[in-house]
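Okay, so here's the structure we're looking at.
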Amino acid sequence: MAAIKIITSSHYLPKHQVSNDDLSHLMDTSDEWIKTRTGIEHRRISEGENTSDLCTAVAVELLKKSGWSPESIDLIIVATMSPDYYTPATAAIVQGKIKAKQAVAFDLSAACSGFIYSLVVAQSFMGNMNYRRVMIIGGEVLSKVINWHDRTSAVLFGDGAAGVLLENEQDSTSSFLGNHLQTFGDLAASLQAGKTLPLASFPAYSPHNYGAFEMAGRDVYTFATHRVPESIIAAVKKSNLQLNQVDWFIVHQANSRIIKQIAKRLQQPLEKFPMNIAAYGNTSAASVPILLDELIDKKKIERGQILALTGFGGGLTVGTQIIKY
Amino acid sequence: MTEEKIFNKVKKIVAEQLDVDQDKIKLEADIKDDLDADSLDVFEIMNELEDDLDIKLEADENVKTIKDVVEYVKKQLAAKE
């Protein structure tokens, strides 16, 4: 068991709010259709701010809330599937902007599971390599990789970022308990965005183009409703706990109907699965930390409670981290 | 598995997923028009049948009525043997 504590959390959302009705003017869809199938009512869409801007806003707020100096941070991981560049990493841009000169910084690409994968990677750095202070941010500007004419996917997503500060505290009552990560590369084609193509011949004169977001809806739905409960059960078991002992299941906000099925399969009350998807849509790697921060802010989550944080999505990937908050 | 047993299983799963009375689920009922299911409900009905019967079902196969589901399940069960 790692004596790691979530010191503080923060989130940042672009100002521009887009309703289902707004989308119905762009494509053949409706508020009723989107709401009943996904639980989504609004989403925030970035106008002019890129992923690193959203993540930097989170980083600045995290420093303000914690009182930590930027130089005291040892590691920054940004989980994203919509980085500003192939290189530099979004995390490196954040590190530069907040002047966290001592911090090692890199991005982690595991789509909607990215924040959970980052928590597990951070634990390893904190345990094996003695890193003490870590900043983890999930941030996405998905609006730039979405096909805004594809009504099957465009209605689902939103932009946003959120993060946490972690610290090694030997005498802390907070800790990271068991986790479970799994990747299903055989299902890679079920959810794709940003496909790049090699040159067909050399020299090449045609401009590069990138593939927009594509998803095989039922494959991903079936994957989520089966693999997510399995992941949660595995991580709870590794923590030597029972499902009933988990106070909150903070599950990736992909679709309220998926979350209801997960609760049903786990035979846990839906009240233990908080949701904010109505306001923000699916924000991929940002969804778990945005929800986590909101619940901490509303004092719904209290110190000492057991949290199951779960992500699932592109890869396909799934991951769960059990935390004693 | 007899057609009647398959129908009973389908009825039970559809009733639970759509929160409707089992008696209302007739063979000729249209899943979307008569029973008010949407595409995600159909995913879930197919998923439950797949898990229960250890068969593979495509959601976009031409299934409109309960009878279509029963026949599709029967076909997939036969293919398994």
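If you read the sequences in order, they're chains A and B. Reading the first sequence from the start, the letters are residues 9 to 333 in this note's numbering. Reading the second sequence from the start, the letters are residues 30 to 110 in this note's numbering. Backbone N, C-alpha and C define an ideal beta-carbon position, used for all residues, glycine too.
* Name the chain B residues whose beta carbon is nearer than 7 Å to that of Arg-265 (chain A)? -> Leu-69
* **Residues of the region 80–97 of chain B whose Cβ lies closer than 7 Å to any Cβ of chain A, in chain order** => Ala-88
* Asked: Of all Cβ atoms in chain A, is any one closer than 8 Å to the Cβ of Asn-37 (chain B)?
  -> Taking 8 Å as the threshold, the shortest C-beta distance from Asn-37 (chain B) to chain A does not fall below it.
* **Straight-line gap, Ser-27 (chain A) to His-50 (chain A) (C-alpha atoms, nearest Å)** => Looking at the two C-alpha atoms, the distance is approximately 4 Å.
* Which residue spans inside the region 69–112 of chain A form an unbroken alpha helix (DSSP H) run of at least 4? -> 98–106
* Asked: Span of the alpha helix (DSSP H) holding Ile-35 (chain B)?
  -> 32–47
* In the region 25–51 of chain A, which residues sit with their C-beta less than 8 Å from some C-beta in chain B, listed in chain order? -> Thr-44 and Arg-45
* **Rounded distance between the beta-carbons of Leu-83 (chain A) and Ile-106 (chain A), thought under 8 Å** => Going by Cβ atoms, the distance from Ile-106 (chain A) to Leu-83 (chain A) rounds to 13 Å, so no, they are not a contact pair.
* Does the beta-carbon of Ala-111 (chain A) have 16 or more other beta-carbons within 10 angstroms, so that it is buried, or is it exposed? -> buried
* To do: Would you identify the three-state DSSP class for Trp-41 (chain A), choosing helix, strand or coil?
  => helix
* Assuming Ala-262 (chain A) and Gly-147 (chain A) form a contact by the criterion Cβ under 8 Å, report the distance between their Cβ atoms to the nearest whole angstrom. => In fact, because the Cβ distance is near 17 Å, the residues do not count as touching under 8 Å.
* Asked: With C-beta atoms as the reference, is His-188 (chain A) less than 8 Å away from Gly-289 (chain A)?
  -> no
* the region 192–201 of chain A contacting the region 243–260 of chain A, beta-carbon criterion three pairs below 8 Å -> no
* Please confirm if Glu-57 (chain B) has its CB atom under 8 Å from at least one CB of chain A. => Taking Cβ atoms only, chain A never reaches closer than 8 Å to Glu-57 (chain B), which makes this a no.
* **According to DSSP, residues forming a beta bridge with Asp-115 (chain A)** => A:Val-86
* From Lys-332 (chain A) to Lys-246 (chain A), what distance separates their C-alpha atoms? -> 14 Å
* May I ask you to report which of helix, strand or coil DSSP gives Gly-135 (chain A)? => Here Gly-135 (chain A) sits in helix by DSSP.
* Report yes if the CB atom of Ile-15 (chain A) is closer than 8 Å to the CB atom of Gln-329 (chain A), and no otherwise. => Between Ile-15 (chain A) and Gln-329 (chain A), the gap from beta carbon to beta carbon reaches 8 Å or more.
* To do: Could you tell me the distance, in whole angstroms, from the CA atom of Ile-84 (chain B) to the CA atom of Gln-269 (chain A)?
  => Rounded to the nearest angstrom, the gap between the Cα atoms of Ile-84 (chain B) and Gln-269 (chain A) is 20 Å.
* Cut-off 7 Å between Cβ atoms - residues of its own chain near Lys-42 (chain B), not counting five sequence neighbours on either side -> Looking at the sequence itself, residue 42 (chain B) is Ile, so the reference to Lys does not match. Cβ neighbours of Ile-42 (chain B) within its own chain (closer than 7 Å, five residues either side excluded): Ile-74, Glu-77 and Leu-78.
* Cα-Cα, which of A:Ile-298, A:Ala-316 and A:Lys-13 is closest to Arg-140 (chain A)? -> A:Lys-13
* Asked: So the beta strand (DSSP E) Ala-170 (chain A) belongs to, where does it begin and stop?
  -> 168–176
* Assigned secondary structure, Phe-231 (chain A) (DSSP; H/G/I helix, E/B strand, else coil) -> Correct three-state label for Phe-231 (chain A): helix.
* **Reference Ile-35 (chain B); option with closest CA among B:Asp-50, B:Val-71, B:Asp-70 and B:Leu-56** => For Ile-35 (chain B), the nearest C-alpha among the options comes from B:Leu-56.
* Asked: Tell me the DSSP bridge mates of Met-223 (chain A)?
  -> A:Leu-199
* To do: Please confirm if Glu-100 (chain B) has its CB atom under 8 Å from at least one CB of chain A.
  => no
* To do: Determine the extent of the alpha helix (DSSP H) in which Ser-295 (chain A) is found, giving its start and end residues.
  => 295–305
* Going by DSSP, what residues sit across from Tyr-20 (chain A) in a beta bridge? -> A:Ala-169
* Asked: When the Cα atoms are used, what is the spatial distance from Arg-226 (chain A) to Glu-87 (chain B)?
  -> When rounded, the distance between both Cα atoms is 9 Å.
* To do: Entirely within the region 232–293 of chain A and at least 4 residues each: give me those alpha helix (DSSP H) ranges in chain order.
  => 264–274 and 285–288
* Under the DSSP definition of a beta bridge, which residues are partnered with Met-35 (chain A)? -> Bridge partners of Met-35 (chain A): none, in fact.
* Min CB distance Tyr-125 (chain A) to chain B below 8 Å -> no
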